[in-house]
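Contents: one structure, followed by commentary.
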Amino acid sequence: CAGSELAVRARRKAVFSFMSSAHPEVETLLRGRQWELLGRSCVLLGRDGSAPAGSLHVRLPDPDVAPQHAWIRGAPQGFELTVHDANTGPGGAAVWPLEAGSPPVAVHGAHTLQNGDEIVVGRSRFIFETQTRAAAKAPAALLLLAIQVVMAIAPAPAAAQELALAERLRLLRAAQGAETPVFSAQLNLLDAARHPQPFPILRPERAKTGVQVTEAGHPLQVCRVSLGALPERRAILLVDISGSMNERVAGGRRKFDVMKDACLRFAASCEDGIDHVAVIPFDSHGVVAGVRQARFFAHAGELRNAIENLPVPSTGNTGLYTAVLAALDRFRDELKTPSAGAVQNLLVVLTDGKNDVDHSGDDPGLERDPETVVRAAGETGIQIVTVGFGTAGNLDEAELRRMAWPSAQSYSSAERPEDVVAAFERARMLQVQRLTVSFRPQQKLISQLVLPHTFAISFQGRRSAFLWSPRPVNVAEGITEDCDGPEPTSDWQRVVLLLACGLALHWYLWWKLPRRLWGAWNDARVLRARAEALWKR
1 CAGSELAVRA RRKAVFSFMS SAHPEVETLL RGRQWELLGR SCVLLGRDGS APAGSLHVRL
61 PDPDVAPQHA WIRGAPQGFE LTVHDANTGP GGAAVWPLEA GSPPVAVHGA HTLQNGDEIV
121 VGRSRFIFET QTRAAAKAPA ALLLLAIQVV MAIAPAPAAA QELALAERLR LLRAAQGAET
181 PVFSAQLNLL DAARHPQPFP ILRPERAKTG VQVTEAGHPL QVCRVSLGAL PERRAILLVD
241 ISGSMNERVA GGRRKFDVMK DACLRFAASC EDGIDHVAVI PFDSHGVVAG VRQARFFAHA
301 GELRNAIENL PVPSTGNTGL YTAVLAALDR FRDELKTPSA GAVQNLLVVL TDGKNDVDHS
361 GDDPGLERDP ETVVRAAGET GIQIVTVGFG TAGNLDEAEL RRMAWPSAQS YSSAERPEDV
421 VAAFERARML QVQRLTVSFR PQQKLISQLV LPHTFAISFQ GRRSAFLWSP RPVNVAEGIT
481 EDCDGPEPTS DWQRVVLLLA CGLALHWYLW WKLPRRLWGA WNDARVLRAR AEALWKR
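Residue numbers for the sequence shown, in the working numbering: 1 to 537.
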């Protein structure tokens, strides 16, 4: 390995090195990192977008970086830095910050990198050095090589990641048994900054063995494990169109226009027939009726048209609590369907203000108590992402955090237009990147589930525990197929099974195998007769 590394370093054309970042997560992740660029290198810089096969992907957990931000490609004259198509605005300029040069200037289209150029991606800085300049650092490179060889021998520490519930545990009923309970859990994989991460690809034949579910140390039967899209994804984008959304922000655009851009970014990855998305505007007029009559769009083209045709904000106030309660009622109706356990649900709430009602012209009876919303969010148990567009001066961030579910970390503060877009992209990732696990408890009947249960779910070294509490009357929230395959064996059963297999193998090797190989040579009488014949001779 060391010889291969030295051979690569001997023929490298340039080095792309990390310098610094204003974000601690990026600083911790990339400190001391450098990437070698050969003549045919193709490097994608971005937050979490996918890179084509054969290319190098430099991931930056930076909220100021687009999912697919920029390219570095080999060219006849050297290396070129180009803005990614997904990050290109009018005139070829980057929508998300991208600068290069000495000193750095904004990149328009393509920039040919020179020795010593600084590259600014979002709020992170890199430096580009050609082979001539890099050769001057040979002693440091050899030291770095030695460190890498030692690090390769030592086990690498696991990234700080955790499993988190995306929706509360659902109690389902097995189709083959009227009272057979099956639990369904939808999980997100989050990093230390609570940003969603993609799950490692699971082979179908190894999916069940890669996930373990236990209760008080007792292994439970895992019925089904799926990663990615379930038969259906359902989302409501609940967006504020009160009068304050006409205010201008950085760049001269209205908050309303920024909100539409964020909704369009959310819709960009929707798949026909799988995603059902409703974009529901609200102020303080016709709040409940507007939410109840809103349509779920199953085709991306119809969804984009609905977003483009959102009503322009008027002088209405903000019926925030009532709008959220009405949206949760829509989800409750959908959760009553038999296939409710096979749906990935999401509610995104965007506002630039506080709950502001009881003015002239507002709907009568609009909700004023935030506790009602918090209780309803916990009872419904779907993922709720709240986005506060503005600053603490015009927002009630404490209440937005309380309304978020499953925890306050589902709240996103968005002071700038790009923060709003990033919040909607994060919400979409939370909905799409889910691991669904269904399992059977120790109890064989739904009526036997009378006590709270704490289930521990482990996935490739990541383990989290989740509490399920019974309701006054446990009613299955959906129907699912029964578990297939044998139930897991406990530890003592495994010991007995291994002991029996060892005894059987010992008996075969000691008794059966010699007779098969040597036949009569294993018969004592035959051997004694032959010995007597030899003695007489």
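Glycine residues also receive a C-beta, built at the ideal position from the N, C-alpha and C atoms.
- Residue 350 and residue 423 have their C-alpha atoms roughly 10 angstroms apart.
- Under a 10 Å Cβ-count criterion, residue 176 is classified as exposed, with fewer than 16 other Cβ atoms of the shown protein chains found around its own Cβ.
- CA-CA distance, residue 337 to residue 478, rounds to 7 angstroms.
- According to the DSSP assignment, residue 419 belongs to the alpha helix (DSSP H) that extends over 417-432.
- Excluding residues up to 5 positions away in sequence, 18 lie with their Cβ nearer than 7 angstroms to the Cβ of residue 33 in the same chain.
- Per DSSP, reduced to three states, the secondary structure at residue 96 is coil, with no helix or strand assignment.
- By the neighbour-count definition (other C-beta atoms within 10 Å, threshold 16), residue 66 is a buried residue.
- Residue 411 sits buried, since 16 or more C-beta atoms from the chains shown fall within 10 Å of its C-beta.
- Note: residue 127 is bridge-paired with 17 and 118 in the DSSP secondary-structure output.
- Listed in chain order, the beta strand (DSSP E) elements of length 3 or more contained wholly in the region 437-511 are 453-459 and 462-468.
- Between residue 60 and residue 120, the C-beta gap is not smaller than 8 angstroms, which leaves the two residues out of contact.
- Annotation note: the region 265-299 contains the following uninterrupted alpha helix (DSSP H) runs of length 4 or greater, listed N- to C-terminal: 287-293.
- Annotation for residue 311: 241 and 281 place their beta carbon closer than 8 angstroms to its own, counting only its chain and skipping 5 residues before and after.
- Residue 199 is positioned such that its CB atom lies no closer than 8 angstroms to that of residue 428.
- Rounded to the nearest whole angstrom, the CA to CA distance from residue 373 to residue 404 is 10 angstroms.
- Per the C-alpha coordinates, the member of 171, 409 and 97 positioned closest to residue 452 is 171.
- Distances from the alpha-carbon of residue 377 to those of 399, 359 and 394 put 399 closest.
- Annotation for residue 48: 67 place their beta carbon closer than 6 angstroms to its own, counting only its chain and skipping 5 residues before and after.
- When rounded, the separation of the alpha-carbon atoms in residue 333 and residue 238 is 17 angstroms.
- Three or more beta-carbon pairs drawn from the region 287-296 and the region 320-335 are found closer than 8 angstroms, and the two stretches are therefore classed as touching.
- DSSP places residue 28 inside the alpha helix (DSSP H), whose first and last residues are 24-30.
- Within the same chain, and ignoring the five residues on either side of residue 468 in sequence, the residues whose Cβ sits closer than 6 angstroms to its Cβ are 169 and 453.
- Going by C-alpha positions, residue 395 is about 37 angstroms away from residue 437.
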